[in-house]
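A short write-up of the structure that comes next.
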Amino acid sequence: MLNKLRRLGPPLLMLAPSLILVGVFVYGLIAANFATSFTDDHTAAQAVGREPAAFVWFTNYLDLLASEDFQHSLMNLVLYTVVFLAGTMIMGFLWAWMLDKPVKGEGLFRSVYLFPMAVSFVASGVVWRWLLNSNQGEQASGLNRLFQMVGLDALQNNWWNNVTFGIIAIAIPAIWQLSGYVMALFLAGFRGIPEELREAARVDGASEWKLYRYVLFPQLSPVALSALIIIGHMSLKAFDLIMSISKPANYQTKVPAVDMFVFKSSFDYANAAAVGSILLIIVALVIVPYLIRTHREEKR
């Protein structure tokens, strides 16, 4: 026992500060958030402690999930996630595939594709708010004005002001901003494939399509999975881009993260914590299977 303590003592002492900080400021705050979500802390007086708050357990969760407003937020989140994932994966892969071939000025193209990542979602959201302006006809501006100028008036629409599909319009700037990141992941995957595999496939008579279909694409599956996980969890937490283009009060672009902000702003800490817990559970359902799969592969 003493020998084991001497062996493990120094590493544990070295890790102790990080473990304590993570335990308090990550898992401790997560526990506090869940505890708040189980209370009836819905008013400013309760938030500052002037009135008592009682435990109501899962009542807040049941009320939220039964609410049509929150159901609309969840549906918006699903639409946003699906369009965002599909757009970034397709655009990022196509750009990487094109850059995998010898291209003049490749460095310039990489810089152009990656540049949107250097811009904050808030800054780009201000520009895209103007581009996605819903005014049409003589008052048209942004993309609607561009469509009008080139004779494509039929493409003019309400963009993010559409009640049912408005959130999809906000996925457009998100795709523009993150496709370069996915491109970088896929390009690194392409460049990480040994040249010997390509040459062996060509010697065996594989066409260019078969080379990609049976040799290169299977090698990219870990990269694709990583990109899906990273982009997927980013889309589930979407907030700043939506807030900079739309407003918290706009029903058509509400997502759970916006609901959480609205609840918190009105001192409804219990519902804000419940929404945060729901988002945490959704993200965990996406991330945990990936971590388990990665851990199993590392043990092989």
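My numbering puts the first residue of the sequence shown at 34, with every later residue one more than the last. Beta carbons: idealized from backbone N, C-alpha and C, even for Gly.
Name the residue from the options whose alpha carbon lies nearest to the alpha carbon of residue i.
i	options	result
W130	F272, G213 and L46	G213
L312	L176, V321 and P289	P289
N304	F91, G170 and L230	F91
H266	V319, A64, F103 and Y146	V319
F300	D74, L179 and V248	D74
H105	T197, E232 and I262	T197
I262	Y284, V115 and M47	V115
F88	F103, T69 and D96	T69
V81	V55, Y302 and P322	Y302
F223	G238, G140, F272 and W128	W128
R162	L41, K280 and K297	K280
S298	S51, A49 and A77	A77
F103	Y323, P322 and V295	V295
Suppose contacts are defined by Cβ-Cβ distances below 7 Å. Is residue i in contact with residue j by that definition?
i	j	result
F71	A204	no
A257	L244	no
L165	W193	yes
L269	A207	no
V215	T121	yes
A260	L218	yes
G158	I63	no
Q169	Q189	yes
I200	T286	yes
L132	L220	yes
N109	G309	no
A307	Y94	yes
S167	N191	yes
Per DSSP, what kind of secondary structure is residue i in: helix, strand or coil?
i	result
F272	coil
F58	helix
F250	helix
F154	helix
Determine the extent of the alpha helix (DSSP H) in which residue i is found, giving its start and end residues.
i	result
Q79	A77 to A80
N66	L62 to S70
D102	E101 to D133
A290	P289 to S298
W242	E241 to L244
F142	E139 to L147
Fully enclosed by the segment 162-229, which beta strand (DSSP E) runs are 3 residues long or longer? Runs found: none.
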